[in-house]
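Structure first, then comments.
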Amino acid sequence: MAVSTDEKREVRVAESSYDIAKIRSDFPILQMERAGKPLVYLDNAATAQTPNAVIDALTRYYTCENANVHRGVHYLSQTATTRYEDARKKIANFFHAPVGCEIIFTRGATEAINLVASSYGEAHVGEGDEIIISHLEHHSNIVPWQILCERKGAKLRVIPINDAGEMILEEYEAMLSPRTKIVAVNHVSNALGTINPVETIIELAHAQGVPVLLDGAQAAPHMPVDLKALNCDFYAFSAHKVYGPTGIGCLYGNAKLLNAMPPYQSGGDMIMSVSFEKTTYNSLPYRFEAGTPNIADAIAFGAALDYLSAIGMAEIAAYEQELLAYGTEALQEVKGLELIGTAKHKAGVLSFVMEHAHPHDIGQLLDDENIAIRAGHHCAQPVMQRYGVPATARASLGMYNTREEIDAMVEALHKVNKVFA
Amino acid sequence: MCSSRALYEEVILDHNKKPRNFYPMEDADHTIEGFNPLCGDHFTIYLKLNGEIIQEISFHGAGCAISKSSASVMTTLLKGKTVKEAEKLFEHFHHMITSATDAELDDKTLGKLMVFSGVREYPVRIKCATLAWHALISGLHGEGKAPVSTE
Ligand SMILES: Cc1ncc(COP(=O)(O)O)c(C=O)c1O
Numbered sequence: 026m027a028v029s030t031d032e033k034r035e036v037r038v039a040e041s042s043y044d045i046a047k048i049r050s051d052f053p054i055l056q057m058e059r060a061g062k063p064l065v066y067l068d069n070a071a072t073a074q075t076p077n078a079v080i081d082a083l084t085r086y087y088t089c090e091n092a093n094v095h096r097g098v099h100y101l102s103q104t105a106t107t108r109y110e111d112a113r114k115k116i117a118n119f120f121h122a123p124v125g126c127e128i129i130f131t132r133g134a135t136e137a138i139n140l141v142a143s144s145y146g147e148a149h150v151g152e153g154d155e156i157i158i159s160h161l162e163h164h165s166n167i168v169p170w171q172i173l174c175e176r177k178g179a180k181l182r183v184i185p186i187n188d189a190g191e192m193i194l195e196e197y198e199a200m201l202s203p204r205t206k207i208v209a210v211n212h213v214s215n216a217l218g219t220i221n222p223v224e225t226i227i228e229l230a231h232a233q234g235v236p237v238l239l240d241g242a243q244a245a246p247h248m249p250v251d252l253k254a255l256n257c258d259f260y261a262f263s264a265h266k267v268y269g270p271t272g273i274g275c276l277y278g279n280a281k282l283l284n285a286m287p288p289y290q291s292g293g294d295m296i297m298s299v300s301f302e303k304t305t306y307n308s309l310p311y312r313f314e315a316g317t318p319n320i321a322d323a324i325a326f327g328a329a330l331d332y333l334s335a336i337g338m339a340e341i342a343a344y345e346q347e348l349l350a351y352g353t354e355a356l357q358e359v360k361g362l363e364l365i366g367t368a369k370h371k372a373g374v375l376s377f378v379m380e381h382a383h384p385h386d387i388g389q390l391l392d393d394e395n396i397a398i399r400a401g402h403h404c405a406q407p408v409m410q411r412y413g414v415p416a417t418a419r420a421s422l423g424m425y426n427t428r429e430e431i432d433a434m435v436e437a438l439h440k441v442n443k444v445f446a
Numbered sequence: 264m265c266s267s268r269a270l271y272e273e274v275i276l277d278h279n280k281k282p283r284n285f286y287p288m289e290d291a292d293h294t295i296e297g298f299n300p301l302c303g304d305h306f307t308i309y310l311k312l313n314g315e316i317i318q319e320i321s322f323h324g325a326g327c328a329i330s331k332s333s334a335s336v337m338t339t340l341l342k343g344k345t346v347k348e349a350e351k352l353f354e355h356f357h358h359m360i361t362s363a364t365d366a367e368l369d370d371k372t373l374g375k376l377m378v379f380s381g382v383r384e385y386p387v388r389i390k391c392a393t394l395a396w397h398a399l400i401s402g403l404h405g406e407g408k409a410p411v412s413t414e
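First to last, the protein sequences are chains A and B. Letter by letter, the first sequence follows residues 26 to 446 in this note's numbering. Letter by letter, the second sequence follows residues 264 to 414 in this note's numbering.
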């Protein structure tokens with residue numbers, strides 16, 4: 026990494042005000058040991074660990090706030106409703122959602138994308154229309170669009186990537202046409218860590234009046250996300266990637282577009298009035314939240330964002346960037362190791378293959394050292410195909426990882442070579 | 264690095280590094296593909312049968328140390344065996360690696376396959392160890408051309 030001395034100094038400053046010991050102590054799972062070896066958790070892109078603040082919010086909810094929302098006049102129901110709606114506000118604030126936009130609770134990024142593919146797709150996509158995605162997508166931002174295309178006789182167009190794992194924007198620009206109905210791409214790639222040039226992607230699409238959905242599942246944990254500045258039409262994310270609980274996430278959307286979309290699921294909460302002759306739907310965001318929502322996890326998601334705000338996303342991003350640079354360099358020492366994904370702009374993902382060891386075997390030996398990485402295709406098989414590998418080993422960084430943990434991984438990788446080379 | 268030592272026996276590491284009968288057989292009369300989509304393992308098994316007897320057997324492809332060495336050991340065991348004997352051996356093998364970790368094993372019938380007994384401690388790796396075998400057995404049963412998947 027070519028980092029100028031000035032930049033290095035800046036990073037040091039950021040690091041020194043970043044109380045890593047305190048942060049680590051906030052996460053009970055990081056205190057766990059297996060066979061006397063401390064946990065080195067480097068699978069944050071799959072799911073991140075939860076701090077006490079989140080666990081406490083869940084306990085508090087079930088201990089003294091549990092009731093159904095938007096229904097009762099009693100005290101508990103009102104408390105639960107207030108907490109649930111407060112969480113929605115916290116999320117909107119955290120992501121700098123502009124007025125005229127909505128936060129809809131979903132099960133996660135996957136459901137948020139499915140909601141748009143199914144509902145927006147139903148209303149606006151027809152035969153001969155085109156949908157643009159990229160070669161870098163998670164399966165959850167491929168398959169819903171494929172199914173939509175099949176249903177409607179539309180065509181899926183795919184932005185290619187270069188050898189570094191960056192989208193080729195010239196090709197994208199040439200792809201946009203009056204037939205394009207929506208562009209759906211990831212903000213940060215889970216398989217390679219590439220930070221995509223979403224500002225340009227949005228600008229080019231908007232110039233043609235085409236809305237853009239961003240899959241922000243991997244961006245949210247690693248950098249400040251300003252939805253007002255981004256000006257995208259939809260943004261999908263999951264709480265469990267941002268140190269929150271599983272089973273909850275959000276679709277952020279432009280109210281004008283959402284209002285013109287048919288319901289996704291139907292039932293209680295999403296209606297204003299029901300009779301056998303006619304049903305009137307509720308207003309946003311409730312129109313897209315059928316049934317009793319995941320109240321506890323929504324509130325705990327809010328607690329996770331409070332926790333992150335107190336530390337500062339810019340500080341977390343700076344710390345992780347420094348760690349990524351350190352890790353990238355440290356991995357060069359390992360014989361026969363090749364990094365997959367070397368984009369100029371990357372978030373904390375180190376995806377790699379080794380000459381003599383299959384990713385599965387690498388993961389197994391690292392697990393002996395209580396080091397958790399992921400081995401596989403990372404729900405991004407087209408990315409694997411692009412590089413001609415069946416799978417990669419992937420270490421993905423979080424706010425609590427340290428240089429010592431990277432060193433432990435590198436040492437274990439040397440051992441992998443000893444066993445297999 | 265102690266615990267998965269039981270998994271990565273020397274014999275396994277050796278077959279992984281120097282797989283036996285590892286080549287595409289041009290004039291095979293059976294070729295069967297085996298996939299494990301989860302980890303991307305992909306092998307092709309090649310066979311030449313003389314009536315009921317496996318006259319030639321080879322394999323080619325890529326996969327983890329467990330799936331590759333298992334395929335390699337399989338080819339060394341089955342050359343010259345009858346189809347019935349192959350099926351019987353797979354039965355023993357399958358029974359062994361899906362048995363409880365403290366179950367007693369009959370090393371007389373298992374022979375060389377005993378090196379895979381460590382797989383019992385790693386349930387997610389059973390699919391790796393049986394990939395080539397599943398492909399072979401389905402090929403012997405002539406179950407169409409569909410590739411076999413252990414997912
Ligand atoms: C880039 C990306 N998009 C979408 C998802 C899907 O998230 P979830 O499984 O939480 O719905 C993931 C999770 O792995 C992801 O990394």
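Ideal placement from N, C-alpha and C gives every residue a C-beta, glycine not left out. On a predicted model such as this, the values are computed, not experimentally measured, just so you know.
Looking at the DSSP output, B:E296 bridges to B:T307. Using a Cβ-Cβ cut-off of 8 Å, A:G366 does not count as an interface residue toward chain B, since no Cβ of chain B sits closer than that to its own.
Taking 7 Å as the cut-off, one finds at least one heavy atom of ligand 1 near enough to the beta carbon of A:Q243. The three-state reading of DSSP puts A:A315 in coil, since its state is none of H, G, I, E or B. If you look at B:H323, you'll find it in the beta strand (DSSP E) that goes I316 to A325. Residue environment analysis places A:F445 among the buried positions, since at least 16 neighbouring C-beta atoms fall within 10 angstroms of its C-beta. Assigned with DSSP and collapsed to three states, A:I157 falls in strand. When only Cα atoms are considered, A:A73 and A:G269 end up about 8 Å apart. Under a criterion of Cβ atoms nearer than 9 Å, the residues of chain A adjacent to B:D304 are, in order, H383, H385, P415 and A416. Of the residues A:H385, A:K369 and A:A122, the one whose Cα lies closest to the Cα of A:A350 is A:K369. Only residues of its own chain outside the window of five on either side were considered, and among them V141, A209 and F259 have a CB closer than 6 Å to the CB of A:L238, listed in chain order. As for any alpha helix (DSSP H) of minimum length 4 sitting wholly inside the segment 311–363 of chain A, the runs are 320–336 and 338–357, ordered along the chain.
Contact with chain A is found for B:A328, since one of that chain's Cβ atoms lies less than 8 Å from the residue's Cβ. Within chain A, no residue has its beta carbon less than 8 Å from that of B:L394; the closest one is some 12 Å off. Residues of the segment 388–405 of chain A that bring their beta carbon within less than 8 Å of a beta carbon in chain B comprise Q389, L390, D392, D393, E394, A400, G401 and H402, in sequence order. DSSP places B:F353 in the helix class (H, G or I) of the three-state scheme. In the DSSP assignment, the residues bridged to A:M379 are A:L362. Judged by beta-carbon spacing, B:I317 lies beyond the 8 Å limit of B:A398, meaning their Cβ atoms are not closer than that value. For B:S333, no Cβ of chain A is located within less than 8 Å of the residue's own Cβ. Scanning its chain for C-beta atoms nearer than 8 Å, with the 5 sequence neighbours on each side dropped, one finds around B:L276 the residues A328 and S332, in chain order.
At a cut-off of 8 Å, the C-beta of A:F377 has no neighbouring C-beta in chain B.
Nearest to B:L301 by C-alpha distance, out of B:H404, B:S401, B:G402 and B:L394, is B:L394.
From the beta-carbon of A:V237, no residue of chain B is found nearer than 9 Å; the closest lies around 31 Å away. Residues of the segment 155–177 of chain A whose Cβ lies closer than 8 Å to any Cβ of chain B: none. Scanning chain B for C-beta atoms nearer than 8 Å to the C-beta of A:F445 yields L276, N279, K280 and A328, reported in chain order. Contacts between B:L301 and chain A, judged by CB atoms closer than 7 Å, involve G401 in chain order. According to the DSSP assignment, A:C126 belongs to the beta strand (DSSP E) that extends over C126 to T131.
Residue-level contact check: B:S266 touches chain A, since one or more beta carbons of chain A fall below 8 Å from its beta carbon.
Judged by beta-carbon spacing, A:I320 lies beyond the 8 Å limit of A:V150, meaning their Cβ atoms are not closer than that value. For B:Y271, the nearest beta carbon of chain A is closer than 8 Å to its own beta carbon. Proximity to A:Q346 across A:Y425, A:A397 and A:A323 peaks at A:Y425, based on C-alpha coordinates.
Annotation: A:E175 to B:V382 spans about 42 Å, alpha carbon to alpha carbon. Linking A:A382 to A:Y100 through their CA atoms gives a straight-line distance of about 60 Å. Contact annotation: A:A418 and A:I387 have beta-carbon atoms nearer than 8 Å. Contact of B:A325 with chain A is assigned, a C-beta pair being separated by under 8 Å. In the three-state DSSP reduction, B:S330 falls in the helix class (H, G or I).
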